[in-house]
Every structure is written in C-alpha cells, then in structure tokens.
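Numbering (my numbering), first residue to last: 125 to 251.
Note that CB positions come from ideal geometry on N, CA and C, so glycine has one too.
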Amino acid sequence: VVKLTRNLFMAPVIVVLSSLYLARARRAGGAEARRGGVSLKTAVPGFVLGFLAMAVLNSLGAFPSPVLDAVKVASGWLIVIALAGVGAETHFASLRTIGLRPFYAGLCAATFMAAVSFALIALFGIA
C-alpha cells in the first residue's frame, strides 16, 4: 500500500515541482530562460514519461505474463546493482563530518512507516 501510494503521487509531485522550477527560472530571467532553454519539456525528466507510459500499458494488460516475470527478476537485480553503486560511491570520511543526524532521520522515517503499516494491517485485519 505504501509503495502504491508513493508511486501514485509521484506524477503530480513531479509536475508541481517542475512547474515551480520553471516559474522560478523564468522569474529569475537567467541566460537559459532568455534563450528559451527553460520549458516544461526540459523541466520534466524523460524517465517520468516512460514510467507513466509503462504504467498505462501494464494496466491495460499489454504485457504477457512471461515478460512481466522476466521484468520482475531484472528489477530485483537492477536494484541490487544500484544499491551497490551507491555504496561504492560512499566516502566514510564524509559521513563522519555529516554526523548521525541523517541516519537518525532515515531511521525515524522507516520506523514511522513501519508503525503506520502495522497499524493499518491491524485495523483492516489483513494478516
């Protein structure tokens, strides 16, 4: 439910943030805005359109089950590779200078999400 809600709100949040970015860039009147280089097309990342297209196609049942199974397996591996890449770029010396506040913020967010999830599961008697 949490992942579904997060994905559901991703499109409107991206549109709103892109619009705010676009308005701020045009107000600032920087060189890029004067050249016409700032537009909604440049403010919205291309992967967002691809994500929305795939979501619509999947909802319409355009992909056969074997393709979906292969994509699920690939998805798991790609997440592992992405996390390994993030870990490989982590510099522990810089983590010491930042301190533990970001870690505690993430821990609090994860704990809150777990508590809300457990409460909703208990409330609706899902498990």
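Report the rounded CA-to-CA distance for residue i versus residue j, giving the unit in angstroms.
i	j	result
Gly-223	Phe-216	11 Å
Ala-243	Leu-132	21 Å
Tyr-228	Leu-184	41 Å
Arg-130	Pro-136	11 Å
Glu-213	Leu-128	29 Å
Val-195	Thr-235	30 Å
If you reduce the DSSP assignment to three classes, tell me which class residue i lands in.
i	result
Leu-128	helix
Val-168	coil
Pro-188	coil
Gly-249	coil
Thr-221	helix
Thr-235	helix
Gly-230	helix
Gly-209	helix
Gly-153	coil
Say the cut is 6 Å; is the CB of residue i nearer than that to a heavy atom of the ligand GDP?
i	result
Thr-235	Absence of the ligand GDP from the depicted structure is noted, as is the absence of any ligand whatsoever, leaving it without description.
Is the beta carbon of residue i less than 7 Å from the beta carbon of residue j?
i	j	result
Ala-238	Ile-245	no
Ile-203	Val-172	no
Ser-252	Val-168	The shown model of the chain, from 125 to 251, leaves out residue 252, and the question about it has no answer.
Give every residue of the same chain whose Cβ lies closer than 6 Å to the Cβ of residue i, excluding the five residues on either side of it in the sequence, and list them in chain order.
i	result
Ala-179	none
Leaving out five residues before and five after residue i in sequence, what residues of the same chain have Cβ atoms less than 8 Å from its Cβ?
i	result
Leu-176	Ala-135
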